[in-house]
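Numbering (the numbering used here), first residue to last: 2 to 202.
Here's what the structure looks like:
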C-alpha cells in the first residue's frame, strides 16, 4: 500500500508538472528583448514573411540599422538616408565562396540553424558585430538559442524583436488549434537542434 501510494503521488506530481509546462509553453516561446541601434537587421524566413518584413522595414525607418541581411536568400542591403527617407541599395552580397571548396551541411541541419550560420558568415565578411534578429513571435526563443550557440557572444551584441504584425497569443486559452501546432513544432525543432548541435561542425 505504501509503494502504491508513493507511485500514485509521483504520478499526480508528474501530471501537475506536465500540465503546467503545457500551459506555460506558448509564453516561453514569445521571447523578445529591448533593442538599440545595431549594425544590421537579420530577417529570418518563415511562412508569414510579409509580417516579418514589415517589422524589419519599421525598424529601418526608425534608423535602427545600417544593413538588412536576409540570409536565406544570401542578400545584403545597405540602408541609405536621403532627404530623411530611408531606402535600400541593390543587393550587395559578394561573399560567395568557391563552390568546389564548400562542404554542404548535413541534411539534418535545421533551416533556421543554416540561416544563422549564413548570417554569421555575412556579418564576419562585412565586419559587423551587432544585429537585431526579426522573425515571428513563436520563433524567437529558438532563434535566440541557436544564435547564442553559433556566434561568439563575447564579441557580438544581439537583440531579438518579434514582428508585431502577426498574432501569437501568450494565454493558452486564446490559442487556436493552428497556434498549438506552431507551438508543438517549435518545441520539436528546439529539441532536435539541441540533440544534434554538439556533433555539428
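For glycine and all other residues, C-beta sits at the position ideal for the given N, C-alpha and C.
Pull up the distance between the alpha-carbon of residue 151 and that of residue 175, whole angstroms please.
-> Against the chain shown, residue 151 aligns to sequence position 150. Against the chain shown, residue 175 aligns to sequence position 174. In a straight line, the C-alpha of residue 151 is about 34 Å away from that of residue 175.
Can you say whether residue 124 is buried or exposed, counting buried as having 16 or more other CB atoms within 10 angstroms of its CB?
-> The residue you call residue 124 lines up with position 123 of the chain shown. Looking at its Cβ environment, which holds 16 or more other Cβ atoms inside 10 Å, residue 124 is buried.
Cut-off 8 Å between Cβ atoms - residues of its own chain near residue 67, not counting five sequence neighbours on either side | Taking the chain shown and counting its residues from 1, one reaches residue 67 at position 66. Correct list, in chain order: 40, 41, 79 and 80.
Could you tell me whether the segment 105-123 touches the segment 27-37, using the rule of 3 or more Cβ pairs below 8 Å?
-> Touching, no.
Excluding sequence positions up to five away, which residues of its chain have a Cβ less than 6 Å from the Cβ of residue 62?
-> Within the chain shown, residue 62 is the residue found at index 61, counting from 1. Correct list, in chain order: 87.
Find out if the Cβ-Cβ distance for the pair residue 201, residue 107 is shorter than 9 Å.
-> The residue labelled residue 201 in the question sits at position 200 within the chain shown. The residue labelled residue 107 in the question sits at position 106 within the chain shown. Cβ atoms of residue 201 and residue 107: closer than 9 Å.
Is it true that the CB of residue 56 sits closer than 9 Å to the CB of residue 140?
-> Counted from its first residue, the chain shown places residue 140 at position 139. Counted from its first residue, the chain shown places residue 56 at position 55. In this structure, residue 56 does not lie closer than 9 Å to residue 140 by Cβ.
Can the beta-carbon of residue 194 be found closer than 9 Å to that of residue 142?
-> Position 193 of the chain shown, counted from the start, is the residue given in the question as residue 194. Position 141 of the chain shown, counted from the start, is the residue given in the question as residue 142. Not closer than 9 Å, so no.
Tell whether a beta-carbon distance below 9 Å holds between residue 136 and residue 44.
-> As a working note, residue 136 is residue 135 in the chain shown. As a working note, residue 44 is residue 43 in the chain shown. Yes, the Cβ-Cβ distance between residue 136 and residue 44 is below 9 Å.
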